[in-house]
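Structure record follows, encoded as structure tokens.
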Amino acid sequence: MPPNFRPTYDYDDPDLTPPSPGVDLIMQVGLVESLPGIGPATGGQYIGIPRAIGPLHTRLWRPHDQVEMTLPNTDLQLWHAPFHVAGHSHGEFKLSERRGWHWLRWTVADHVTHDLRQLRTEADLGVTPVYSETASDPLVIVPCGAAKAPFPCPAGELYTGSYHRLTRRAADALTSSDNIRIISALHGLLPLDQVIAPYDLRFGRPGSVTAEQLQEQADQQGLLGHPNVVILAGRDYTRLAQQVWPHARTPLAGTRSIGEQQHRLARMAMHRSQAFR
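Numbering (the numbering used here), first residue to last: 452 to 728.
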């Protein structure tokens with residue numbers, strides 16, 4: 452890792468008590484790496500901070516070159532260095548063979564499968580699992596717009612229309628910028644920092660994004676199974692997004708005009724607590 456980035460996770464249990472495996476552990480450690488043999492053409496492995504872990508893919512950010520990428524969960528593993536260092540310091544050089552540490556040989560896909568099995572077990576026992584969706588930032592979906600900057604720029608800056616800007620202000624009040632996605636008629640699901648050129652394509656016309664394409668993109672970005680989704684868009688965009696996230700909240704539903712939607716969006720932008728009233 453570069454000198455300006457230092458992993459913060461530390462494991463120093465003298466008894467070498469194994470942490471519980473799963474996605475929560477991966478996010479606590481805060482680093483994942485690709486399996487040996489999977490990496491850039493110049494050699495080595497990918498390593499990065501996990502931004503989102505989905506059923507099939509993980510979106511990670513590489514701090515050494517400031518690049519965000521998505522890889523299959525089967526190609527990634529948890530960064531194990533803190534555990535092996537602790538094991539070596541206590542004379543244990545085969546930690547993965549020690550009871551409870553078998554998950555050191557797992558891929559991220561194995562951790563996801565473990566969590567799903569745990570949920571099924573809890574359901575079989577009549578236990579209602581508690582999800583963190585109310586405590587975590589939601590994924591907020593906003594529409595694109597016809598008015599655009601005349602030059603290539605990040606998606607979060609490209610659309611200049613008043614309705615889009617109002618949905619963005621409301622989204623900013625609800626979540627962090629990493630958890631906002633724009634549905635583009637041409638490009639589909641766009642992170643705010645993805646650079647694109649201006650284009651002229653309206654939703655619903657030939658060549659515009661389909662629900663199948665949007666679902667595939669959501670899967671690739673690790674967002675397909677997100678439990679807490681909010682859609683801030685008009686009817687057509689909302690119907691499209693609901694085919695990917697049928698459980699999403701739609702605070703603009705029931706409005707009778709653009710003006711009423713704008714009023715509701717403005718209230719959200721000012722007061723997060725009023726967003727779902």
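Every residue gets a Cβ at the ideal spot worked out from N, C-alpha and C, and that includes glycine. This structure is a prediction, so every number in the text was calculated from the model and none was measured.
Query                                                                                                                         : Result
Segments of 3+ residues assigned as beta strand (DSSP E) that fall wholly inside the segment 584-642                          : 590-594, 631-635, 639-642
For Ser-520: DSSP bridge partner residues                                                                                     : The question names Ser, yet the displayed sequence has Met at residue 520. Met-520 pairs with Leu-511.
Those runs of the beta strand (DSSP E) which lie wholly inside the segment 518-566 and span at least 3 residues               : 518-523, 527-529
Test item: CB-CB of Val-680 and Ala-699 under 8 Å                                                                             : yes
Three-state class that DSSP yields for Ile-504 in the structure shown                                                         : strand
Beta-carbon contacts of Leu-665 that lie in its chain and below 8 Å, excluding the five residues immediately before and after : Ile-634, Gly-639, Leu-640, Leu-691, Ala-692, Gln-694, Val-695
Buried or exposed (CB count within 10 angstroms, at least 16 for buried), Leu-716                                             : buried
Backbone secondary structure at Gly-710 - three-state DSSP                                                                    : helix
Cβ shell of Gly-490 (< 8 Å), same chain only, five flanking positions each side left out                                      : Gln-496, Tyr-497
Inter-residue spacing [alpha-carbon to alpha-carbon] between Gly-612 and Ala-600                                              : 10 Å
Reduced DSSP category for Val-474 - H, G, I as helix; E, B as strand; rest coil                                               : helix
Closest by C-alpha distance to Arg-656, when choosing among Thr-525, Tyr-650, Ala-636, Gln-671                                : Ala-636
Range covered by the beta strand (DSSP E) that runs through Val-660                                                           : Here Val-660 belongs to no beta strand (DSSP E), and DSSP marks it neither H nor E.
Rounded distance between the beta-carbons of Val-480 and Ser-460, thought under 8 Å                                           : Here residue 460 turns out to be Tyr, not Ser, going by the sequence shown. So it is a contact: roughly 5 Å between Cβ atoms.
Three-state class that DSSP yields for Arg-690 in the structure shown                                                         : helix
Helix, strand or coil at Gly-480 [DSSP, three-state]                                                                          : The amino acid occupying residue 480 in the given sequence is Val; Gly does not appear at that position. The answer is helix: DSSP assigns Val-480 an H, G or I state.
Residues sharing a beta bridge with Arg-700, DSSP                                                                             : Val-681
Status (buried if at least 16 other CB within 10 Å, exposed otherwise) for Asp-526                                            : buried
Other residues of its chain near Ala-662: CB distance less than 8 Å, five sequence neighbours each side excluded              : Leu-691, Gln-694, Val-695
Chain-order list of residues whose beta-carbon lies under 8 Å from that of His-508 (same chain, five-residue window excluded) : Thr-521, Leu-522, Pro-523, Asn-524, Asp-670, Gln-671, Gln-672, Gly-673
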